[in-house]
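Following: one structure in structure tokens, then a few remarks.
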Amino acid sequence: MRILTGLMLTALSFVAAAQAHLDVQTLVQKEQAYINEQGETDRRLVTADIVVPGETVFYTITFTNVSDESAENVVITNPIAEDLVYVEGSAFGPGTDMQFSIDGGASFANRDELTITEEGVTRPAVARDFTHVRWVMQNTLEAGAQATARFAAVLE
Numbered sequence: 102m103r104i105l106t107g108l109m110l111t112a113l114s115f116v117a118a119a120q121a122h123l124d125v126q127t128l129v130q131k132e133q134a135y136i137n138e139q140g141e142t143d144r145r146l147v148t149a150d151i152v153v154p155g156e157t158v159f160y161t162i163t164f165t166n167v168s169d170e171s172a173e174n175v176v177i178t179n180p181i182a183e184d185l186v187y188v189e190g191s192a193f194g195p196g197t198d199m200q201f202s203i204d205g206g207a208s209f210a211n212r213d214e215l216t217i218t219e220e221g222v223t224r225p226a227v228a229r230d231f232t233h234v235r236w237v238m239q240n241t242l243e244a245g246a247q248a249t250a251r252f253a254a255v256l257e
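Going by the numbering used here, the first residue of the sequence shown is number 102, and it counts up by one from there.
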């Protein structure tokens, strides 16, 4: 059985292509079942210290403008580890355009523009093909302001 630790997942998740005056933090979590006060089973996110195949991990990327100036053209890029498969539709980031890469981060496009050619046959890219997620902020990130992006992936 293959097991990844949270430390490995964190190391694999953090790449920021943004201005040097941004503080970027990545939190890697997974869902855990627990019994609530009403005796019902509920779920909550906890730190993904250990992840086993089939579990979903949630990457939350928080980026803060720690400078005294506004940050323009902020781009946050997060690789998807080789043993993880992106969960379709899970990426979000308020005020951002999301793009994906299928070529190890060499190029990015909107999800519906990506295609894969295998043995001469072209098909639309699917979640399993994605290697990176990118968030491109549409607005200026003011001094001291913070923004968040998130996506989920399943450990194979």
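Cβ coordinates follow ideal geometry from the N, Cα and C atoms, glycine included.
No Cβ-Cβ contact shorter than 8 Å links Val129 with Val188. Note: Ser208 is not bridge-paired with any residue in the DSSP secondary-structure output.
With a cutoff of 8 Å on beta-carbon distance, Ile162 and Ile151 are scored as not near each other. Beyond the five residues adjoining it in sequence on each side, Gly194 comes within less than 6 Å, by CB distance, of Trp236, Ala250 in the same chain, given in chain order. Ranking Leu215, Asn174, Asp213, Leu185 by CA distance to the CA of Thr241 puts Asn174 first.
Around the beta carbon of Asn211, a 10 Å sphere encloses fewer than 16 other beta carbons of the protein chains shown; the residue is thus reported as exposed. For Ala134, same chain residues with a beta-carbon under 8 Å away, outside a window of 5 residues either side, are Thr142, Asp143, Arg144 in chain order. DSSP places Ala192 in the coil class of the three-state scheme, outside both helix and strand. In the displayed model, Ala244 falls within coil according to three-state DSSP, outside both helix and strand.
The three-state secondary structure of Asp150, taken from DSSP, is coil.
Taking C-beta atoms as the reference points, Asn166 and Glu243 count as a pair closer than 8 Å. When DSSP states are grouped into helix, strand and coil, Ala228 belongs to the helix group.
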